[in-house]
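Residue numbers (our numbering): 107 to 231.
Glycine residues also receive a C-beta, built at the ideal position from the N, C-alpha and C atoms.
Data first, discussion second: the structure below is written as structure tokens.
Written out as structure tokens, the structure is:
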């Protein structure tokens with residue numbers, strides 16, 4: 107999947123998976139990109155590969171607290187301040203971070219097909 111296609115997905119307000127699963131898919135995409143370019147796979151390189159625009163399109167405050175605490179490494183993927191603000195946003199229900207806190211609408215599955223596994227593949231030639 108191209109970077110522009112991933113950005114288009116992240117800009118959608120409707121998606122059939124949780125924000126945590128979408129975040130993991132973004133990390134897998136960035137991991138694939140790092141590996142393809144010979145870069146070490148670290149949280150810093152994953153964030154750099156995604157770029158500020160894509161990192162900011164992930165709706166961390168819309169994640170479940172359990173998802174956020176398990177999937178997002180504090181101080182390495184997000185800064186300690188960003189992590190604290192997201193934790194407070196989730197726990198206190200008050201928007202305290204710079205990230206979008208509006209949950210994506212998850213429509214009911216019609217066909218039972220998930221697109222998340224596609225994020226790990228590159229369709230570029």
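- Query: For residue 199, which of 139, 170 and 210 has the nearest alpha-carbon?
  - Reply: Closest option to residue 199, Cα to Cα, is 170.
- Could you say which of 112, 194 and 154 lies nearest to residue 182 if we only look at CA atoms? 154
- Message: Given this structure, state the Cα-to-Cα distance separating residue 129 from residue 144, to the nearest angstrom.
- Response: 22 Å
- Do three or more CB pairs link the segment 137 to 152 to the segment 190 to 199 at distances below 8 Å? no
- Task: In the DSSP assignment, find the unbroken alpha helix (DSSP H) run with residue 196 in it and report its ends.
- Result: Residue 196 -> alpha helix (DSSP H) spans 186 to 198.
- Count the other CB atoms within 10 Å of the CB of residue 208; is the residue buried (16 or more) or exposed (fewer)? exposed
- Query: Along the chain, which unbroken stretches of the alpha helix (DSSP H) at least 4 residues long are found entirely within the segment 128 to 178?
  - Reply: 149 to 163 and 171 to 177
- May I ask you to list the residues that DSSP assigns as paired with residue 120? 211
- Message: Given a cut-off of 8 Å on the beta-carbon distance, is the pair residue 210 and residue 165 in contact?
- Response: yes
- Check residue 203 in the structure and name its three-state DSSP category. coil
- Item | Cβ-based burial, residue 126 [other Cβ within 10 Å; buried from 16] | buried
- Close beta carbons around residue 230, own chain, < 7 Å, minus the five adjacent residues each side: In this predicted model, residue 230 has a pLDDT of only 49, less than 50, meaning its place in the structure is not dependable enough to derive any value.
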